[in-house]
Amino acid sequence: AQSVTQPDIHITVSEGASLELRCNYSYGATPYLFWYVQSPGQGLQLLLKYFSGDTLVQGIKGFEAEFKRSQSSFNPRKPSVHWSDAAEYFCASHGSGNTGKLIFGQGTTLQVKP
Amino acid sequence: GAVVSQHPSRVICKSGTSVKIECRSLDFQATTMFWYRQFPKKSLMLMATSNEGSKATYEQGVEKDKFLINHASLTLSTLTVTSAHPEDSSFYICSATRTGQETQYFGPGTRLLVL
């Protein structure tokens, strides 16, 4: 069965420090991989996605991620975190079949220290 | 582009009443919309998949008679929580996909509180 696991429930970084978010995916032949960011009390905003093509993807808010098939990873990185990056981050991928349904990870809460 | 709105953003109702939540794709046509429920500090739980002009497909454990979904047009889906009870209090989020595309765009969510 396909699965999406975020190993870090909570991350705290200092403002200006670098950040990498982690997610372990299992997927079928074609990966449909997503990262979403959710600010408190808000909906989800698409941060990054990967379907095919260039494995290095630029997202919003200064994030980028590289799809590494051998490691089943697509981890967003940001060289210098800003206080406004504090939020909940979810990775997701399509479930089996072609239903378009998303399987979400458990979420990672990012706290930014001044 | 790809803006999804929800209305209302917040609603308080009495136990036993019904509440309707609207999900609209503002600048694109959405063949498929999804309804999620999110508990505090938890991930999203898919409730149902809504396709324009057909009956919604509910996930296992979701009562279709309690959570009525209607997707009457390519830009509007509604979720009606019937005979709401306090345990239905939650954050409900919808998403929509452009026709023929894979990315889901999410609405801002609706906070429901049942007293």
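Respectively, the protein sequence lines represent chains A and B. For the first sequence, my numbering begins at 53 and goes up steadily by one. For the second sequence, my numbering begins at 492 and goes up steadily by one. Even glycine gets a Cβ: it sits at the ideal position worked out from N, Cα and C.
Inset, instruction - State yes or no: is the beta carbon of glycine 600/B nearer than 8 Å to at least one beta carbon in chain A? - result: At a cut-off of 8 Å between C-beta atoms, glycine 600/B counts as an interface residue with respect to chain A.
Legend entry - lysine 555/B versus asparagine 561/B: straight-line alpha-carbon distance, rounded: Lysine 555/B and asparagine 561/B have their C-alpha atoms some 11 Å from each other.
Legend entry - 8 Å Cβ cutoff met for alanine 10/A and phenylalanine 126/A: As shown, chain A starts at 53 and ends at 166. That puts residue 10/A outside it, with no answer to give.
Inset, instruction - Report the rounded CA-to-CA distance for leucine 559/B versus histidine 498/B, giving the unit in angstroms. - result: When rounded, the separation of the alpha-carbon atoms in leucine 559/B and histidine 498/B is 16 Å.
Inset, instruction - Could you tell me which residues DSSP pairs with lysine 120/A in its beta bridges? - result: Its beta-bridge partners are Ser125/A.
Inset, instruction - Using a threshold of 8 Å, state whether the C-beta atoms of phenylalanine 519/B and threonine 540/B are closer than that. - result: In this structure, threonine 540/B does not lie closer than 8 Å to phenylalanine 519/B by Cβ.
Inset, instruction - Assess, as a yes-or-no matter, whether the stretch 97–109 of chain A is touched by the stretch 117–131 of chain A under the definition of 3 or more beta carbon pairs within less than 8 Å. - result: Yes, they touch.
Inset, instruction - Tell me whether the beta-carbon of valine 572/B lies closer than 8 Å to the beta-carbon of valine 495/B. - result: No, the Cβ-Cβ distance between valine 572/B and valine 495/B is not below 8 Å.
Inset, instruction - Please confirm whether leucine 71/A and tyrosine 77/A have their CB atoms less than 8 Å apart. - result: The answer is no: Cβ separation not under 8 Å.
Legend entry - Distance CB(glycine 152/A)-CB(threonine 566/B) smaller than 8 Å: No, the Cβ-Cβ distance between glycine 152/A and threonine 566/B is not below 8 Å.
Inset, instruction - Pull out every residue of the stretch 569–591 of chain B whose Cβ sits closer than 7 Å to any Cβ of chain A, in chain order. - result: Only those residues of the stretch 569–591 of chain B whose C-beta falls short of 7 Å from the nearest C-beta of chain A are listed: Ile584 and Thr588.
Inset, instruction - Compute the distance between the beta-carbons of threonine 64/A and lysine 165/A, then report whether it is under 8 Å. - result: Yes, the pair counts as a contact, with Cβ atoms nearer than the cut-off.
Inset, instruction - Starting from tyrosine 84/A, find everything on chain B with Cβ-Cβ shorter than 7 Å and list it in chain order. - result: By Cβ distance, chain B contributes Glu593.
Inset, instruction - Using a Cβ-Cβ cut-off of 8 Å, state whether threonine 607/B counts as contacting chain A. - result: Outside the displayed span of chain B (492 to 606) sits residue 607/B, for which this structure offers no information.
Legend entry - For serine 175/A, the three-state DSSP class (helix, strand or coil): Summary: the structure shown does not reach residue 175/A, with chain A confined to residues 53 through 166, and so no result is reported for it.
Inset, instruction - Check distances from the C-beta atoms of the stretch 101–134 of chain A to those of chain B and list, in chain order, the residues that come in under 9 Å. - result: Residues are counted here when their Cβ sits less than 9 Å from a Cβ of chain B; for the stretch 101–134 of chain A these are Lys101 and Phe103, given in chain order.
Inset, instruction - For glycine 600/B, collect the residues of the same chain with a Cβ closer than 8 Å to its Cβ; drop the 5 residues on either side in sequence, then sort them by chain order. - result: Cβ within range, chain order: Gln497, Ser500, Gln529, Phe582, Tyr583 and Ile584.
Inset, instruction - Quickly, what does DSSP pair tryptophan 135/A with across the bridge? List them, please. - result: For tryptophan 135/A, which the question treats as bridged, DSSP gives no partner whatsoever.
Legend entry - Amino acids of chain B, ordered along the chain, whose beta-carbon sits closer than 8 Å to that of leucine 99/A: Near leucine 99/A there are no residues of chain B at all, since even the closest Cβ is about 12 Å away, more than 8 Å.
Inset, instruction - Evaluate tryptophan 135/A with the Cβ neighbour count: other Cβ atoms within 10 Å of its Cβ, from every protein chain shown; 16 or more gives buried, anything less gives exposed. - result: Looking at its Cβ environment, which holds fewer than 16 other Cβ atoms inside 10 Å, tryptophan 135/A is exposed.
Inset, instruction - Using alpha carbons as the reference points, say which of Ala493/B, Gly544/B, Thr508/B and Lys557/B lies closest to leucine 570/B. - result: Among Ala493/B, Gly544/B, Thr508/B and Lys557/B, the Cα nearest to that of leucine 570/B is on Lys557/B.
Legend entry - Extent of the continuous beta strand (DSSP E) run through glutamate 513/B: Where glutamate 513/B is concerned, the enclosing beta strand (DSSP E) stretches over 510–516.
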